[in-house]
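A quick write-up on the structure given underneath.
2 protein chains.
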Amino acid sequence: MARRKAKPALQEFALIRDLQRRFARHASGLVQGIGDDAAVIATFAPAWWHLTTDLLAEGIHFDLQSATPESVGYRAAMANLSDIAAMGAIPRYLLVALAIPKTIKRPQVDELYRGLMRACRLYGVALVGGDTSASMAGLFLSITLIGTTTRRRALFRHGAKVGDQIFVSGTLGDSHAGLRLSANSRRSRSSGKRSAPLSRSHRQFLMRRHFYPTARVAEGQWLNSERLASAAIDVSDGLSGDLRHICEESRVGAEVELDKIPISPACRAYAQAVGVSPVQLALTGGEDYELLFTASPKHRGLLKRQARARGYRVTCIGTIRPQQFGMQMTSDGRILPMPATSYEHFH
Amino acid sequence: MARRKAKPALQEFALIRDLQRRFARHASGLVQGIGDDAAVIATFAPAWWHLTTDLLAEGIHFDLQSATPESVGYRAAMANLSDIAAMGAIPRYLLVALAIPKTIKRPQVDELYRGLMRACRLYGVALVGGDTSASMAGLFLSITLIGTTTRRRALFRHGAKVGDQIFVSGTLGDSHAGLRLSANSRRSRSSGKRSAPLSRSHRQFLMRRHFYPTARVAEGQWLNSERLASAAIDVSDGLSGDLRHICEESRVGAEVELDKIPISPACRAYAQAVGVSPVQLALTGGEDYELLFTASPKHRGLLKRQARARGYRVTCIGTIRPQQFGMQMTSDGRILPMPATSYEHFH
C-alpha cells in the first residue's frame, strides 16, 4: 500500500503547526495561511501577479555533504526571489513543499526552514502555504513564490531592441568559483592535498557568494518602476545561456565585449590560482543571480546616475544586434562565437 | 559539480517549449505563460486568491508499476483541484514542476502532462508555469494550483457550529478499495493466484475511482455561493482524519452515524468479497476527494432540494457536538470512539 506511506503522521501535523506558529508573520492581504486546504490572499486594486515555481533535488541542485540545510533553504529562496526580481516585481508570498527521506531528521528540516525564512525576511516575504511528505530517496524541495507589480509594468525577456545596450548588475563568476572551491576543499580534505593558494578573504567571499547569493530585488524594482530596461532576466544559467534567452525571446542578436564583463578581484585571483579563464567562469558558471538587462542608449546617462545614487553596480557589457548577427563576443578587436552553454543532462 | 547536472540541456528547453505550444490555452487574465522568469496574471476586481501546493513522490504517492503516467498526472491534478473545490473556489491557473530520473523517457513525460491537462481542461484550468530538472532517484511532481472567489466568500475548515449537520458528497471508500484491487491484481498476476470474486463492472468502477477520481468543484462553488456550508474540507486522508481537521479548526466535537455513511454497491461487494468492513474503508481509506462539510440544520431542506435539482449526491452522516464530546461514532445505538487515522510514517 504505497499510498499509506504518503499520509502524514501526527508528528508531521505537529511539525507543520509548529513551523506555522514560528514563521507566520502578518502579511498584507493574507486571509488564511497554512492550516486549510489552500492559502487565501485578498487582492485589492487591479495588479499583475508574478508566479514562479522551482523543484530542487538533492544530488542535483544541492548536496548536503558540502552545504548545510540552512544554506540549501537560503539559496532555494534566493533563486526564486531572483526570478521575481527579474520581473521587476515585489516578492510577497511563499509556498513550500518538502519530500523528506528517512535519513533527514527534524533538526535539519528546521534548519532548512530557518534558511528559507531568513532569505524571505530580507524582502518581507510571508510563508503562506506548505506541504510535507516522505521521500523514498533524497530530499526534494518545491518552492512557489508570488510577486506583484502594478498592471502593464513588468520586465520581460522579450523587448530588447537592436541598438540597446546590454547591462549586468554586480559581478559574474563568483558563485561558480565558490562551488569549485567547496568541491575542491572537500576533495583535498579527503585526499590530504593542499588546495590552490588563495587568500582566506577571497575564499570566504566566493564561498559566500555561492552559498548565500543575493537576489537583486531592489534593482529589478528600480529598473521596472523607472522604465529603464527594455528586457531583463536573472543570471542563473550563466551569462551566455541567459543572454541567449533574451535574444531568442526578443528575436535579436548580441555582441558582448569580453573585457567589460565585471569580475571580482576574488574571482580573478581564483581563476589565476587554478589556471582557468575568469571570463569562462562568468560566461558559463551560472547561479550568480545578478540581473542581465538591456536598455535604450538614450537612458544610459540616467541609468548610470541613478545607479550611482542608489549604490547599485551596473556595467555595460555589450550591444543588441540584429537577429542575423547571432551572438558574438569581442575581445581586443577579435570576434569570437559565443560558447554554447556547457552543461548536458536529461538524455 | 552536482550543480551542472541541474542545468537543463537543449532537449529540455525543446520539451518545455513543445509542452507550452501544445497545452497553452487562452486563459482569462493570463499575461505571460511559460517562457519567462515568472508567469504573469492580471487581477482586476478585488477578489480572494486560493493557493494550494503539493509535492508528489514516486514510491510514496504513486507507483509507476501499477499506474500509467497519464493517470499519475490526472490524479495529481485532481488532488489539487479537490483542495480548491473544498475552498468553494473556481480553479484557474496551474504551475507544474517535474524532477525526472534517467529511467523516465520523453513519451512518459508527455503522457503525464496529457493526464494533468485532461483533468485541468474539465475545469477550464490553464497551465501557466513550469520547471523541469533531473532527479537522481524517482520521479517527483510538484503542483501549484490557484483558484479565485469573490472577497469574504470561501469555505474554511473552521466555522462548524454545535448542532450543525455533517454532510458528505458522493460515496466513500471506493478509492481505497480500487487501490487494494490494483495491488492485489498485481500480486495475483505474479503469483498466479485468482483474485477475489467481484464482478467486472464493480472492479472497473473501483479502479476508476482510484486512478481517475473526480474533484467536486461544482459542488464546492454551489455550497460557497449559496452560503449553505459552515465549514468544509475534501476527503483526502479518510473521513475520520479529515473530520478531525474540521473539529480541531472549529473547536468542536462530532458524532458520526456509521450506518448513514454513503457506500457504493461496488465498495460493499468488494468489502464482502475480501471480508473487511466497508465502513472501515470509508473511515480510513482516503483519496476519495469527496467534500465533507457542515451546515446549519435550518439549511437542511434547501440544501437537499438544491442538491437534488442539480444532480449532486449529498448525505447527512452526523452532527457537530461540543468539543468536550470528542469524536464518536454510533451504530445501532452503540457508541464507539472514532478510530485514529491508521497511517504512520515520518519518524
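In the order they appear, the protein sequences are chains A and B. Going by this note's numbering, the letters in the first sequence line up with residues 149 to 495, in that order. Going by this note's numbering, the letters in the second sequence line up with residues 149 to 495, in that order. C-beta: ideal position from N, C-alpha, C; glycine also.
- prompt: In chain order, what residues of the same chain lie with their CB nearer than 6 Å to the CB of Val-404 (chain A), ignoring the 5 residues before and after it?
  reply: Here residue 404 (chain A) refers to the residue found at position 256 of the first sequence. Within the same chain, Val-404 (chain A) has close Cβ partners Ile-465, Gly-466 and Met-477.
- prompt: For Val-132 (chain B) versus Glu-438 (chain B), is the C-beta spacing smaller than 8 Å?
  reply: Residue coverage of chain B in this structure runs from 149 to 495, which leaves residue 132 (chain B) outside it and unanswerable.
query: Shorter than 8 Å from the beta carbon of Met-475 (chain B) to some beta carbon of chain A?
result: The residue you call residue 475 (chain B) lines up with position 327 of the second sequence. At least 8 Å separates the CB of Met-475 (chain B) from every CB of chain A.
- prompt: Does DSSP put Ile-252 (chain A) in a helix, in a strand, or in coil?
  reply: Residue numbering aside, residue 252 (chain A) sits at position 104 when the first sequence is read from its first letter. Note: Ile-252 (chain A) maps to coil in three-state DSSP.
task: Tell me whether the beta-carbon of Leu-229 (chain B) lies closer than 8 Å to the beta-carbon of Pro-239 (chain B).
output: As a working mapping, residue 229 (chain B) is identified with position 81 in the second sequence. As a working mapping, residue 239 (chain B) is identified with position 91 in the second sequence. Going by C-beta atoms, Leu-229 (chain B) is nearer than 8 Å to Pro-239 (chain B).
task: Determine, using beta carbons only, whether Ala-285 (chain A) comes closer than 8 Å to chain B.
output: By 1-based counting over the first sequence, the position of residue 285 (chain A) is 137. Closer than 8 Å: yes.
- request: Kindly list, in the order they appear in chain B, the residues whose Cβ is closer than 7 Å to that of Trp-370 (chain A).
  value: Looking up residue 370 (chain A) in the first sequence gives position 222. By Cβ distance, chain B contributes nothing, its closest Cβ being about 17 Å from Trp-370 (chain A), past 7 Å.
- prompt: Taking Cβ-Cβ distances below 9 Å as the criterion, which residues of the segment 170-196 of chain B are in contact with chain A?
  reply: Gly-177, Val-179, Gln-180, Gly-183, Asp-184, Asp-185, Ala-186, Ala-187, Val-188, Ile-189, Ala-190, Thr-191, Phe-192, Ala-193, Pro-194, Ala-195 and Trp-196
message: Strictly under 8 Å for the Cβ-Cβ distance: is Phe-304 (chain B) near chain A by that measure?
response: Mapped onto the second sequence, residue 304 (chain B) falls at position 156. Yes, Phe-304 (chain B) lies at the interface with chain A (some Cβ there is under 8 Å from its Cβ).
- prompt: Buried or exposed: Met-149 (chain B), going by 16 or more other Cβ atoms within 10 Å of its Cβ?
  reply: In the second sequence, counting from the first residue as 1, residue 149 (chain B) sits at position 1. Reliability of the predicted coordinates at Met-149 (chain B) is poor, the pLDDT of 28 falling under 50, and no value is obtained from them.
- prompt: By Cβ distance, which residues of its chain are closer than 6 Å to Asp-436 (chain B), with the 5 residues on each side in sequence left out?
  reply: Position 288 of the second sequence holds residue 436 (chain B). The answer, listed in chain order, is Leu-320, Ser-323 and Val-383.
query: Ser-398 (chain B) by DSSP, collapsed to three states: which one?
result: Taking the first residue of the second sequence as 1, we reach residue 398 (chain B) at position 250. If DSSP states are grouped into helix, strand and coil, Ser-398 (chain B) belongs with the helices.
- prompt: Nearest chain B C-beta to Met-486 (chain A) closer than 8 Å, yes or no?
  reply: Along the first sequence, read from residue 1 onward, the residue named residue 486 (chain A) stands at position 338. Chain B, which has no Cβ nearer than 8 Å to the Cβ of Met-486 (chain A), makes this no.
task: Give the DSSP-derived three-state secondary structure of Pro-445 (chain A) in the structure shown.
output: As a working mapping, residue 445 (chain A) is identified with position 297 in the first sequence. Three-state result, Pro-445 (chain A): helix.
task: For the segment 192-247 of chain B, list the beta strand (DSSP E) runs that are entirely contained and at least 3 residues long, ordered along the chain.
output: 195-205
- prompt: In chain order, what residues of the same chain lie with their CB nearer than 7 Å to the CB of Gln-369 (chain B), ignoring the 5 residues before and after it?
  reply: Looking up residue 369 (chain B) in the second sequence gives position 221. Around Gln-369 (chain B): Gly-236 and Ile-238.
query: Val-276 (chain B) touches chain C at which residues, Cβ-Cβ below 9 Å?
result: Here chain C cannot be found, since the structure's protein chains are A and B.
query: By how many angstroms is the C-alpha of Ala-195 (chain B) removed from the C-alpha of Ile-294 (chain A)?
result: Your numbering for residue 294 (chain A) matches position 146 in the first sequence. Your numbering for residue 195 (chain B) matches position 47 in the second sequence. Between Ile-294 (chain A) and Ala-195 (chain B), the C-alpha separation is close to 16 Å.
Start-to-end residues for the alpha helix (DSSP H) that takes in Leu-178 (chain B): Reading the second sequence from its first residue, position 30 is the one you call residue 178 (chain B). Run containing Leu-178 (chain B): none in the alpha helix (DSSP H); it sits in the beta strand (DSSP E), 178-180.
task: Taking 8 Å as the threshold, find out whether the segment 274-290 of chain A comes into contact with the segment 372-389 of chain A through three or more Cβ pairs.
output: no
query: Between the beta-carbon of Thr-296 (chain B) and the beta-carbon of His-198 (chain B), is there less than 8 Å?
result: Residue 296 (chain B) sits at position 148 when you count from the first residue of the second sequence. Residue 198 (chain B) sits at position 50 when you count from the first residue of the second sequence. Yes, these two residues count as a Cβ contact at 8 Å.
query: Cα-Cα, which of A:Pro-445, A:Ser-317, A:Ala-363 and A:Ala-419 is closest to Lys-408 (chain A)?
result: Within the first sequence, numbered from 1, the residue matching residue 408 (chain A) stands at position 260. Closest by alpha carbon: A:Ser-317.
- request: Report yes or no: is there a C-beta of chain A within less than 8 Å of the C-beta of Met-235 (chain B)?
  value: Translated into positions along the second sequence, residue 235 (chain B) becomes position 87. Taking Cβ atoms only, chain A reaches closer than 8 Å to Met-235 (chain B), which makes this a yes.
Spatial neighbours of Glu-367 (chain B) in its chain, beta-carbon cut-off 6 Å, leaving aside the 5 residues before and after: As a position in the second sequence, residue 367 (chain B) is number 219, starting the count at 1. Once the five neighbours on either side are set aside, the close Cβ partners of Glu-367 (chain B) are Ser-317, Leu-439 and Tyr-460.
Cβ pair Thr-432 (chain A), Ile-314 (chain A) closer than 8 Å: Taking the first residue of the first sequence as position 1, residue 432 (chain A) is located at position 284. Taking the first residue of the first sequence as position 1, residue 314 (chain A) is located at position 166. Not closer than 8 Å, so no.
- prompt: Does DSSP put Ser-479 (chain B) in a helix, in a strand, or in coil?
  reply: What you label residue 479 (chain B) is simply residue 331 of the second sequence in a count that begins at 1. Strand at Ser-479 (chain B).
message: For the alpha helix (DSSP H) containing Phe-359 (chain A), name the first residue and the last one.
response: Residue numbering aside, residue 359 (chain A) sits at position 211 when the first sequence is read from its first letter. Where Phe-359 (chain A) is concerned, the enclosing alpha helix (DSSP H) stretches over 348-359.
task: State the Cα-Cα distance for the pair Met-486 (chain A) and Ala-193 (chain A), rounded to the nearest angstrom.
output: As a first step, residue 486 (chain A) is located in the first sequence; it is residue number 338 there, counting from the start. As a first step, residue 193 (chain A) is located in the first sequence; it is residue number 45 there, counting from the start. Approximately 44 Å between the Cα atoms of the pair.
- prompt: If you pair each beta-carbon of the segment 210-227 of chain B with each one of the segment 412-424 of chain B, do three or more pairs fall below 8 Å?
  reply: no
message: Going by C-alpha to C-alpha distance, which of A:Val-310, A:Pro-345, A:His-306 and A:Leu-354 sits closest to Leu-327 (chain A)?
response: As a first step, residue 327 (chain A) is located in the first sequence; it is residue number 179 there, counting from the start. When each option's Cα is compared against that of Leu-327 (chain A), the closest is A:Leu-354.
message: Quick check: the Cα distance between Leu-264 (chain A) and His-350 (chain B), rounded to an integer number of angstroms?
response: What you label residue 264 (chain A) is simply residue 116 of the first sequence in a count that begins at 1. What you label residue 350 (chain B) is simply residue 202 of the second sequence in a count that begins at 1. So the two alpha carbons sit approximately 48 Å from each other.
task: Could you tell me the distance, in whole angstroms, from the CA atom of Ile-411 (chain A) to the CA atom of Val-427 (chain A)?
output: In the first sequence, residue 411 (chain A) corresponds to position 263, counting from 1. In the first sequence, residue 427 (chain A) corresponds to position 279, counting from 1. Computed Cα separation, rounded: 8 Å.
task: Kindly list, in the order they appear in chain A, the residues whose Cβ is closer than 7 Å to that of Thr-292 (chain B).
output: Position 144 of the second sequence, counting from 1, holds the residue named residue 292 (chain B). What Thr-292 (chain B) touches in chain A: Thr-201, Leu-243 and Thr-292.
Candidates B:Gly-272, B:Ser-425, B:Asn-332 and B:Leu-203: closest to Thr-280 (chain A) by CA position: As a first step, residue 280 (chain A) must be located in the first sequence, where it is residue number 132. Comparing Cα positions, the closest option is B:Leu-203.
message: If I measure Cβ to Cβ from Leu-371 (chain B) and keep anything under 7 Å in the same chain, skipping five residues before and after, which residues do I get?
response: As a working note, residue 371 (chain B) is residue 223 in the second sequence. So the qualifying residues of the chain are Gly-236, Leu-303, Ala-377, Ala-380 and Phe-441.
message: Less than 8 Å between the beta carbons of Leu-243 (chain B) and Val-273 (chain B), yes or no?
response: Indexing the second sequence from 1 puts residue 243 (chain B) at position 95. Indexing the second sequence from 1 puts residue 273 (chain B) at position 125. In this structure, Val-273 (chain B) does not lie closer than 8 Å to Leu-243 (chain B) by Cβ.
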